[in-house]
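Peer 1:
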Amino acid sequence: EKTRKGLTEKIEQLIVGYADIDDEFLDDLEAILLTADVGVKTTAQLLSDVRAGIKNKQIQSPEELKPFLQEKISTILISGETAEPEVQPPMVIMVVGVNGVGKTTTIGKLGNYYREQGKTVMLAAGDTFRAAAIEQLEIWGDRIGAEVVKHTEGSDPAAVVFDAVQSAKARKVDVLIIDTAGRLHTKSNLMEELKKIYRIINRELPGAPHSTLLVLDATTGQNAVNQAKLFGEAAAVSGLVLTKLDGTAKGGVVIAIKSELNVPVRWIGIGEGVQDLRPFDPAEFSQALFAD
Amino acid sequence: MVFEGLADKLQQTFKKLRGRGKLTEADVNEAMREVRMALLEADVNFKVVKEFIAKIKERAIGQEVMGSLTPVQHVIKIVNDELTELMGGTQSRIAIASRPPTIVMMVGLQGAGKTTTVAKLANLLVKKQSKRPLLVAADIYRPAAIKQLQVLGEQLDVPVYAAEPGTKPVDIAKQALEYALAHTRDMVLIDTAGRLHINEELMQELKDIKREVKPHEILLVVDAMTGQDAVTVAESFNNELGVDGVILTKLDGDARGGAALSVRAVTGRPIKFAGMGEKLDALETFHPDRMASRILGMGDVLSLIEKA
Ligand SMILES: Nc1nc2c(ncn2[C@@H]2O[C@H](COP(=O)(O)OP(=O)(O)OP(=O)(O)O)[C@@H](O)[C@H]2O)c(=O)[nH]1
Ligand SMILES: Nc1nc2c(ncn2[C@@H]2O[C@H](COP(=O)(O)OP(=O)(O)OP(=O)(O)O)[C@@H](O)[C@H]2O)c(=O)[nH]1
Ligand SMILES: [Mg+2]
Ligand SMILES: [Mg+2]
């Protein structure tokens, strides 16, 4: 029975230099990647990169293996990344994703990030469906000192969003962050609703939303690829937020998402507190994939 | 779905041996490569896949191909049978205590669906078994968690016990129990805060509640979209607390749901219900056979085989 620990020892043995890069070692690398949710296809790709690296002597000794792979992964995650757009206020950020991934919490943390930069922040309670979703956002609004635009539970989310954009323009707030109800990407009526919300934002403020963040739970497996695909089609997703990385899940599926759909990760969530949001760091992330 | 390819791939693998009588080791190995890939793509845990494949190989090699089946269908049948068996029988019920109230505690990671599932379960118990449940709001951490349960309770017309602000979850649970006895509620469904399995303090809180109110059932709520980590999570909750059953949520999407197999394999506990939507009537009996074919991603092939 090969445990993760056994593997670290093995890598150490390799570094001391009394083992060769053999198939068994490549099997172990495969195991690390697969158990980090990197997925079969992307793992196969990465391993073939490693084999090529061995062949063309980019990897000459076992201890060069892990850095080589980490470098490859970082490169995938970095490529084509663009900085946040500079826009005339209000900058509008729409937050979308399947149920329970951490959208509302992320909005609280993100709002706090902009507040700390001295910006005024407004939140829109676009989840009118889930029980007490509005109250949850209001508590976050109180915490960070942001105004919350809301209607009653069960009302039309498009109307809330319309009001929020008008109000953000009139009040000249710097950042408007829009919460949306959790929805599975396979539910076409709910995805239509999202498209409608998107259209209204864009109609009321050309160029907006300036960023659409798709929130992914790091515990999620390969289904996240479908989520990214279908949310991308409905709402032009510009970046990902990977939440719950304070658990033991590695969130490796974002590598597949980046290489297949070219959507960059912007933020990571590492807890439930107001400060638990960090900018995504590809190098750190690739290193953590191999940590115990 | 993306994965309908498994049957095709297997078909190609087996083209050359159509009509041969026995499954050779080489044939089976070839087929298992595809099966392994399908299971991993469905998010079945890496180690669980490994053990499963080894078991299938052992069973399949040297077997006579059944009369009306092609070799590929035969292998699929073996895989499917084993998967279904691993997933356990249908046990969609809550063990009712001989002396009421029956106490059920819902536990799991953040956002898995505990609060919603508490309400769904209450709905089922009222409608199908004429029970008189009490919902208990023992999540004091998440913003508006208590309110969420209260709204759901109102929708169902089922009472919700919420304590004074500042009351510890273990005391909330104890008070709720007294309340249930005083108001002849025969089921007590405790909603707990989402927590990470590695958070010692919060895991201790669950152990304290368990010690004080002795739930008849501790149900672990698992999101069907969970990946490889499902094993670690389920193992931790089970080791720390002892889990009596599992509820798999968000099966109304297109997740293949390999976590079902992983969780079942590491805890040995039955999956009791499946969450099939956000509405309060969307809790269904869990069907191991359907789950097996969902994980393999080939319902059509299986119904063909069943007819054979
Ligand atoms: N440990 C941890 N928990 C988190 C993180 N982000 C969010 N959560 C928790 O996950 C749960 C769900 O978060 P929400 O923000 O309500 O998720 P949501 O996507 O808005 O959910 P719906 O609106 O119901 O779809 C809550 O218990 C949060 O506290 C994180 O980075 N780490
Ligand atoms: N589509 C779908 N959504 C579900 C299902 N079960 C729960 N949800 C949704 O998932 C999200 C999270 O559900 P909650 O019941 O708040 O989850 P929780 O485990 O109590 O979350 P925390 O208390 O924050 O840990 C909500 O948006 C629910 O509506 C299901 O079976 N299908
Ligand atoms: Mg929300
Ligand atoms: Mg809850």
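Top to bottom, those sequences are chains A and B.
So the first sequence is numbered by this note's numbering: it starts at -12 and just counts up by one.
So the second sequence is numbered by this note's numbering: it starts at 60 and just counts up by one.
Ideal placement from N, C-alpha and C gives every residue a C-beta, glycine not left out.
A quick note: this is a predicted structure, and the numbers were derived from the prediction, not measured.
Between A:G169 and ligand 3, is there a pair consisting of the residue's CB and a ligand heavy atom that are separated by less than 7 angstroms?
Peer 2: Flag set: Cβ of A:G169 near ligand 3.
Peer 1: Within 10 angstroms of its Cβ, does B:I257 collect 16 or more other Cβ (buried), or is it exposed?
Peer 2: Answer is exposed; the Cβ neighbour count stays below 16.
Peer 1: Just to make sure I have the definition right: I need the residues of chain A whose C-beta is within less than 7 angstroms of the C-beta of B:P202. Which are they?
Peer 2: Ordered by position in chain A, the residues that pass the 7 angstroms Cβ test against B:P202 are Q123, I126 and W127.
Peer 1: In chain A, which residues lie less than 9 angstroms from B:L248 when you measure between Cβ atoms?
Peer 2: Per Cβ cutoff of 9 angstroms: no residues; B:L248 is ~16 angstroms from chain A at best.
Peer 1: What are the start and end residues of the beta strand (DSSP E) that includes B:A22?
Peer 2: No statement about residue 22 of chain B is possible, as the shown extent of chain B runs from 60 to 367 and does not include it.
Peer 1: On the premise that A:R102 lies in contact with A:I131, defined as a C-beta separation below 8 angstroms, what is that separation, rounded to the nearest angstrom?
Peer 2: Right, the Cβ-Cβ distance comes to about 5 angstroms (below 8 angstroms), so this counts as a contact.
Peer 1: Would you mind sorting A:N249 into buried or exposed? The rule is 16 or more other CB atoms within 10 Å of its CB.
Peer 2: Flag for A:N249 reads exposed.
Peer 1: Since B:Q169 and A:K231 should fall inside the 8 angstroms C-beta cutoff, what is the C-beta to C-beta distance between them, to a whole number of angstroms?
Peer 2: So it is a contact: roughly 7 angstroms between Cβ atoms.
Peer 1: A:T29 by DSSP, collapsed to three states: which one?
Peer 2: Reduced to three states, the DSSP call for A:T29 is helix.
Peer 1: Applying the 10 Å Cβ sphere with the 16-neighbour rule, what's the burial state of A:R117?
Peer 2: It counts as buried.
Peer 1: Contact defined as beta carbons within less than 8 angstroms: I believe A:F149 pairs with A:I121. What is the distance between those atoms, to the nearest angstrom?
Peer 2: The pair is not a contact, with the Cβ atoms about 16 angstroms apart (cut-off 8 angstroms).
Peer 1: Any Cβ of chain A within less than 8 angstroms of the Cβ of B:Q287?
Peer 2: By this cut-off, B:Q287 is an interface position.
Peer 1: Is A:K96 close to chain B, meaning its C-beta is less than 8 angstroms from at least one C-beta of that chain?
Peer 2: Cβ-Cβ to chain B under 8 angstroms: no for A:K96.
Peer 1: Is B:L168 close to chain A? Criterion is C-beta to C-beta, closer than 8 angstroms.
Peer 2: Interface residue, yes.
Peer 1: I'd like to know whether the C-beta of A:G87 is nearer than 8 angstroms to at least one C-beta of chain B.
Peer 2: Yes - at least one Cβ of chain B is within 8 angstroms of the one on A:G87.
Peer 1: Roughly how many angstroms separate the alpha carbons of B:A113 and B:M125, rounded to a whole number?
Peer 2: One C-alpha to the other measures close to 21 angstroms.
Peer 1: Along the chain, where does the alpha helix (DSSP H) containing B:L184 start, and where does it finish?
Peer 2: That run of the alpha helix (DSSP H) goes K173 to Q188.
Peer 1: Is A:D279 close to chain B? Criterion is C-beta to C-beta, closer than 8 angstroms.
Peer 2: Cβ-Cβ to chain B under 8 angstroms: no for A:D279.
Peer 1: Can you list, in chain order, every residue whose CB sits closer than 7 angstroms to a heavy atom of ligand 4?
Peer 2: Result: B:K173, B:T174, B:D198, B:R201, B:A204, B:Q207, B:D250, B:A252 and B:G253.
Peer 1: Report whether the distance from the Cβ of B:A101 to the nearest heavy atom of ligand 3 is below 7 angstroms.
Peer 2: No - ligand 3 has no heavy atom lying nearer than 7 angstroms to the Cβ of B:A101.
Peer 1: Report yes or no: is there a C-beta of chain B within less than 8 angstroms of the C-beta of A:L171?
Peer 2: Yes - at least one Cβ of chain B is within 8 angstroms of the one on A:L171.
Peer 1: Which of the three DSSP states, helix, strand or coil, is assigned to A:I257?
Peer 2: Looking at A:I257 - three-state DSSP - the assignment turns out to be coil, as it is neither helix nor strand.
Peer 1: Taking 8 angstroms as the threshold (beta carbon to beta carbon), is A:G132 in contact with chain B?
Peer 2: No, A:G132 does not count as interfacial toward chain B.
Peer 1: Would you mind sorting A:H197 into buried or exposed? The rule is 16 or more other CB atoms within 10 Å of its CB.
Peer 2: Its Cβ being crowded by 16 or more others within 10 Å, A:H197 is buried.
Peer 1: Go ahead and pull the three-state DSSP assignment for A:I60.
Peer 2: The answer is helix: DSSP assigns A:I60 an H, G or I state.
Peer 1: Kindly list the residues whose CB is nearer than 7 angstroms to the CB of A:V85, restricted to its own chain and excluding five residues on each side of it in sequence; keep chain order.
Peer 2: Excluding sequence neighbours, A:V85 sits near G169, R170, L171, H172 and Q214.
Peer 1: Should A:D263 be counted as a contact of ligand 1 given a C-beta to heavy atom distance under 7 angstroms?
Peer 2: A:D263 Cβ: within cutoff of ligand 1.
Peer 1: Measure from the C-beta of B:T291 to each C-beta in chain A and report whether the shortest distance is under 8 angstroms.
Peer 2: Closer than 8 angstroms to some Cβ of chain A, the Cβ of B:T291 qualifies, so yes.
Peer 1: What do you reckon, are the CB atoms on B:G167 and B:L279 nearer than 8 angstroms?
Peer 2: In contact: B:G167 and B:L279 (Cβ atoms closer than 8 angstroms).
Peer 1: CA-CA distance, B:S321 and B:V292?
Peer 2: Roughly 10 angstroms separates the two Cα atoms.
Peer 1: Of all the CB atoms in chain A, is at least one closer than 8 angstroms to the CB of B:V107?
Peer 2: Not one chain A Cβ lies under 8 angstroms of B:V107.
Peer 1: When DSSP labels each residue in this structure, what does B:E337 get in the three-state scheme?
Peer 2: In this structure, B:E337 counts as coil in the three-state DSSP scheme.
Peer 1: With distances taken from CA atoms, which of A:I41, A:P77, A:Q47 and A:I244 is nearest A:M109?
Peer 2: Nearest option by C-alpha distance: A:P77.
Peer 1: Less than 7 angstroms between the CB of B:E337 and some heavy atom of ligand 2, yes or no?
Peer 2: True, at least one ligand heavy atom lies under 7 angstroms from that Cβ.
Peer 1: Applying the 10 Å Cβ sphere with the 16-neighbour rule, what's the burial state of A:S225?
Peer 2: By the neighbour-count rule (16 or more Cβ atoms within 10 Å), A:S225 is buried.
Peer 1: Distance, Cα to Cα, B:D311 vs B:P329?
Peer 2: Roughly 20 angstroms between the two C-alpha positions.
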